[in-house]
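Protein chains in written order, with the working numbering: chain E, -7 to 117; chain Z, -7 to 117.
Contents: one structure, followed by commentary.
Number of protein chains: 2
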Amino acid sequence: MSKQELPVVDVSEAACCAPLACEPLNAAEADELAPLFKAIGDPVRLRLLSLIACHEGGEACVCDLTGAFALTAPTISHHLKVLKQAGLIDSERRGTWVYYWINPAVLERLSAILGPRQAAGLVPA
Amino acid sequence: MSKQELPVVDVSEAACCAPLACEPLNAAEADELAPLFKAIGDPVRLRLLSLIACHEGGEACVCDLTGAFALTAPTISHHLKVLKQAGLIDSERRGTWVYYWINPAVLERLSAILGPRQAAGLVPA
DNA sequence: CTCCTGTTTAGACAGACCTCGAATCAGTGC
DNA sequence: GCACTGATTCGAGGTCTGTCTAAACAGGAG
Chain E
-7 MSKQELPVVD
3 VSEAACCAPL
13 ACEPLNAAEA
23 DELAPLFKAI
33 GDPVRLRLLS
43 LIACHEGGEA
53 CVCDLTGAFA
63 LTAPTISHHL
73 KVLKQAGLID
83 SERRGTWVYY
93 WINPAVLERL
103 SAILGPRQAA
113 GLVPA
Chain Z
-7 MSKQELPVVD
3 VSEAACCAPL
13 ACEPLNAAEA
23 DELAPLFKAI
33 GDPVRLRLLS
43 LIACHEGGEA
53 CVCDLTGAFA
63 LTAPTISHHL
73 KVLKQAGLID
83 SERRGTWVYY
93 WINPAVLERL
103 SAILGPRQAA
113 GLVPA
């Protein structure tokens, strides 16, 4: 279950330097990127992502996450699945518990796409 | 260029340096940010945003946008409304046509939140 | 004034989404 | 083997969303 083919796109593609305002996205690119933003377009999932990213060791057990929400375990599990299918996180079972960690490359890609003109110059004041 | 009363959150707030992986988002922050990502979580809206951002002069007429999609004018208008209500774009009517332009500050904020830790680049005060 | 073009609003409908309870799967320990 | 805990899957509800057609609104031209 850990090495199934992800629906994720190739990060090394042209995407790294096309900040949305550089040249218009074509339909294919938009169809590919929009689901990623959609995945984090939910308060619960956005917070889950943050909780996982901030957790010590860079990974968090599901049991660490459920407590932060007034939601049932199946609902949390559902949201984690959405994030995973989007390629934003990955998981592994270790004994009784399942651990999740984020995929930094995907987040960086999204950040770069929204960013003004990264790479060019990060301009310190 | 003249009106400043955006429904958008204050960019100079703590947001500029909290890249999602720094410390966990609380529920209030997530409720505020998620709708922005949700707005760009649709292929049509993501492409609209890109088309507007890339258009010469930094602004685009609705008539320039509708041609890029196999959708009716009301549908495009609906998506533009969603983007505008999220604070990602703004618009103004000039004679017969209505022009849209993006709000770079909001995009930068979203980029910074997803970004790895570039943080210090933007420097408040 | 009247017509025409560009844009938005209103209403409707199929499909997707969030959440839950109940059931099931996966490991650990008695 | 059996019971227990952690996590996921399944099916169902109510709500939200994307798209359309039809109609209304805003300006410019004749």
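The beta-carbon is built from N, C-alpha and C at its ideal position, and this holds for glycine as well.
With 16 other CB atoms within 10 Å as the buried threshold, where does A117(Z) fall?
Residue confidence is low: A117(Z) scores 38 on pLDDT, short of 50, so the model does not pin down where it sits. Its coordinate-derived value is still stated next. So A117(Z) counts as exposed.
Got a sec: is the Cβ-Cβ distance from G107(E) to anything in chain Z below 8 angstroms?
yes
Interfacial residues, the stretch 65 to 83 of chain E to chain Z, with Cβ spacing under 8 angstroms:
none
Per-residue DSSP class, three states only, for I94(Z):
strand
Best match in W93(E), S69(E), C14(E), L43(E) for proximity to G118(E) [C-alpha to C-alpha]
The requested residue 118(E) is not part of the displayed model; chain E covers only -7 to 117.
Ignore the nearest five residues each way along the sequence and tell me which others in A112(Z)'s own chain have a CB closer than 6 angstroms to its CB.
Summary for A112(Z): the model assigns pLDDT 44, below 50, so the residue's position carries little reliability; its value from the coordinates is reported in the next sentence. No residues qualify anywhere along the chain.
Burial state of L63(E) (16 or more Cβ within 10 Å):
exposed
By the criterion of Cβ-Cβ separation under 9 angstroms, what are the contact partners of E48(Z) in chain E?
Correct list: empty, because the minimum Cβ distance to chain E is about 12 angstroms.
Starting from the N-terminal side, write out each stretch of the alpha helix (DSSP H) that is 4 residues or longer and does not extend beyond the stretch 6 to 57 of chain Z.
Qualifying alpha helix (DSSP H) stretches, in chain order: 19 to 31, 35 to 46.
Contact set between C53(E) and chain Z, taken where Cβ atoms lie within less than 9 angstroms
The contacting residues do not exist; C53(E) stays about 15 angstroms from chain Z at best.
I'd like to know whether the C-beta of L57(E) is nearer than 8 angstroms to at least one C-beta of chain Z.
no
For L75(Z) and G59(E), the rounded distance between their alpha carbons
33 angstroms
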